[in-house]
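Just below is one structure, and these are the notes that go with it.
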Amino acid sequence: MLPQFRQILSVIVVLEIPLPVSALARLLDVSRNVVHGQLNMLHSVFDIPTSGVLPVQVYHSSFRQFLLEPSSECPVDVKSAHEWVATSCLRVMSACLRRNICTVSEPARDRASISPSSVNSCISQELQYACRY
5 MLPQFRQILS VIVVLEIPLP VSALARLLDV SRNVVHGQLN MLHSVFDIPT
55 SGVLPVQVYH SSFRQFLLEP SSECPVDVKS AHEWVATSCL RVMSACLRRN
105 ICTVSEPARD RASISPSSVN SCISQELQYA CRY
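Each residue of the sequence shown is one higher than the last, beginning at 5 in the numbering used here.
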């Protein structure tokens, strides 16, 4: 399998929650076109939305299990995939985190009082993923 294709496929399979192509591309530091191009031939096993808002989904959990099975014909190296994700998450956090990212006027303000839409507009999906997982 080609290295970039393997990396993208492996990361999709081990992500804790599915991400849209745009967030996946930014997480992996590649263009959206690269992710679409690498996944183009996998429309029968992945739902790959073109919108950039909806996440890439595996249609059948058995395909994920097949890829994660060490004895399969093209197994995903889970350790390497998690290393790619961890390294990417650290890079994203290092580049994007900053003090008062949501420009809250009162530093002591209760986090629950900040609307989810405000959080989503200030914090990208890949940064949210990186901070959570």
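Ideal placement from N, C-alpha and C gives every residue a C-beta, glycine not left out.
Note that this is a predicted model, so its numbers are computed, not measured.
### Task
Please confirm if the region 39–48 is in contact with the region 6–16, defined as three or more CB-CB distances below 8 Å between the two stretches.
yes
### Query
Of all the options Pro59, Tyr63, Arg36, Gly56, which has the alpha carbon lying nearest to the alpha carbon of histidine 47?
Per the Cα distances, Tyr63.
### Task
Identify the continuous alpha helix (DSSP H) that holds alanine 112 and give its terminal residues.
It is not in any alpha helix (DSSP H) - alanine 112 carries neither H nor E in the DSSP assignment.
### Message
Using only the alpha-carbon positions, how far apart do threonine 54 and proline 24 sit?
### Response
9 Å
### Query
Skipping 5 residues on each side, what residues in its chain have a beta carbon closer than 7 Å to that of aspartate 1?
Because the chain here runs from 5 to 137, residue 1 falls outside it and cannot be looked at.
### Query
Tell me which same chain residues have a C-beta within less than 8 Å of the C-beta of glutamine 61, skipping the five on either side of it?
Pro22, Phe50, Asp51
#### Entry: Three-way DSSP call (helix, strand, coil) for valine 62 in this model
Here valine 62 sits in strand by DSSP.
### Message
Considering only the alpha carbon of each residue, which of Arg136, Glu110, Ile105 lies closest to serine 3?
### Response
Because the chain in this structure spans residues 5 to 137, residue 3 falls outside the shown range and cannot be described.
### Alpha carbon of valine 108 to alpha carbon of tyrosine 133, nearest angstrom
21 Å
### Query
Alpha carbon to alpha carbon, what distance is there between cysteine 78 and serine 66?
Cα to Cα, serine 66 sits roughly 14 Å from cysteine 78.
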